[in-house]
Amino acid sequence: MTQPLIFAIPKGRILDDALPLLAQAGIEPTANFFDKADRSLRFGSNRNDMDLIRVRAFDVATFVAHGAAHIGIVGSDVIDEFDYADLYAPVDLNFGHCRLSVAEPKERAQADTLSHMSHVRVATKYPNLTRRYFASLGVQAECVKLNGAMELAPSLGLAHHIVDLVESGRTLKQNGLEETAEIMPVSARLIVNRTALKTRHAALAPLIERFRDLAEAGKAAA
Numbered sequence: 001m002t003q004p005l006i007f008a009i010p011k012g013r014i015l016d017d018a019l020p021l022l023a024q025a026g027i028e029p030t031a032n033f034f035d036k037a038d039r040s041l042r043f044g045s046n047r048n049d050m051d052l053i054r055v056r057a058f059d060v061a062t063f064v065a066h067g068a069a070h071i072g073i074v075g076s077d078v079i080d081e082f083d084y085a086d087l088y089a090p091v092d093l094n095f096g097h098c099r100l101s102v103a104e105p106k107e108r109a110q111a112d113t114l115s116h117m118s119h120v121r122v123a124t125k126y127p128n129l130t131r132r133y134f135a136s137l138g139v140q141a142e143c144v145k146l147n148g149a150m151e152l153a154p155s156l157g158l159a160h161h162i163v164d165l166v167e168s169g170r171t172l173k174q175n176g177l178e179e180t181a182e183i184m185p186v187s188a189r190l191i192v193n194r195t196a197l198k199t200r201h202a203a204l205a206p207l208i209e210r211f212r213d214l215a216e217a218g219k220a221a222a
């Protein structure tokens, strides 16, 4: 008996936009998915050939890259941070738009010139992207890995700079920080395990095309 496809979806900001898109693609989680008291991480769906797992965004990429899940939705920031060879990202889903940016205290932002620095300490959950960005400027970045509350790092002396996702910039302003550089734009992507695409092509290829059509329709309507 063929095992069900495993579709990995992220907790957090992308989930609210992902669920309507999944429904349009004909995929709906079972009722316990929406029960906040239910601590399950794997759920059935309206399709007998598909289960869903709900995990942290960074873990979506890992589950799909290693074949534990066959397909998933995650931000392009996560894809680029890990750069897994076995991860294929065929569709920009055209939601979850934000940017990965550098920020620092407002009073320092006007005085700091990165081109004159050789070393900076940066608080971030994106150490690989951060190091690559600062290296392109000729600056060595010492990354302090945090999984949240990045905006606290400068005021508490943990790091002078942060690298984090920015949408409106409101959180930065409320914490006395100023966005000083954009590293990359970010949006949600459909990802597929490359091996699964070969071994489960009959099931995955139509899904990819369905999501591609929905993303194109969304762009046309915007």
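First residue of the sequence shown: 1, per UniProt numbering; consecutive thereafter. Just so it is clear, CB atoms sit at the ideal spot from N, CA and C, and this is done for glycine as well.
Count the CB pairs spanning the segment 178-189 and the segment 90-99 that are closer than 8 Å, and state whether there are at least three. Result yes; three or more Cβ-Cβ pairs closer than 8 Å.
Which residue's Cα is closest to the Cα of residue 29: 52, 123, 36? The residue given as residue 29 occupies position 29 in the sequence shown. Residue 29 has its Cα closest to that of 52, out of 52, 123, 36.
Considering only the alpha carbon of each residue, which of 43, 34, 74 lies closest to residue 10? Along the sequence shown, one-based indexing puts residue 10 at 10. Residue 74 is the option with its Cα nearest to residue 10.
Can you have a look at residue 216 and say buried or exposed, based on whether 16 or more other CB atoms are within 10 angstroms of its CB? The sequence position of residue 216 within the sequence shown is 216, counting from 1. By the neighbour-count criterion, in which 16 or more other beta carbons inside 10 Å mark a residue as buried, residue 216 falls on the exposed side.
What does the Cβ neighbour count give for residue 70, buried or exposed, with the cut at 16 atoms within 10 Å? Residue numbering aside, residue 70 sits at position 70 when the sequence shown is read from its first letter. Residue environment analysis places residue 70 among the buried positions, since at least 16 neighbouring C-beta atoms fall within 10 angstroms of its C-beta.
Alpha helix (DSSP H) containing residue 218: first to last residue? The residue you call residue 218 lines up with position 218 of the sequence shown. First-last of the alpha helix (DSSP H) with residue 218: 201-221.
Tell me which residue opens and which closes the alpha helix (DSSP H) that residue 81 is part of. Position 81 of the sequence shown holds residue 81. DSSP places residue 81 in the uninterrupted alpha helix (DSSP H) bounded by 76-82.
Exposed or buried, what is residue 8 when buried is set at 16 or more other beta-carbons lying within 10 Å of its beta-carbon? Position 8 of the sequence shown holds residue 8. A residue is called buried when at least 16 other Cβ atoms come within 10 angstroms of its Cβ; residue 8 meets this threshold and is buried.
For residue 172, collect the residues of the same chain with a Cβ closer than 8 Å to its Cβ; drop the 5 residues on either side in sequence, then sort them by chain order. If you number the sequence shown from 1, residue 172 lands on position 172. If you ignore the 5 residues before and after residue 172, its C-beta comes within less than 8 Å of the C-beta of 103, 151, 166, 178, 179, all in its own chain and listed in chain order.
With distances taken Cα to Cα, identify the nearest neighbour of residue 106 among 6, 169, 49, 87. Taking the sequence shown and counting its residues from 1, one reaches residue 106 at position 106. Checked all of 6, 169, 49, 87; the closest Cα to residue 106 is 169.
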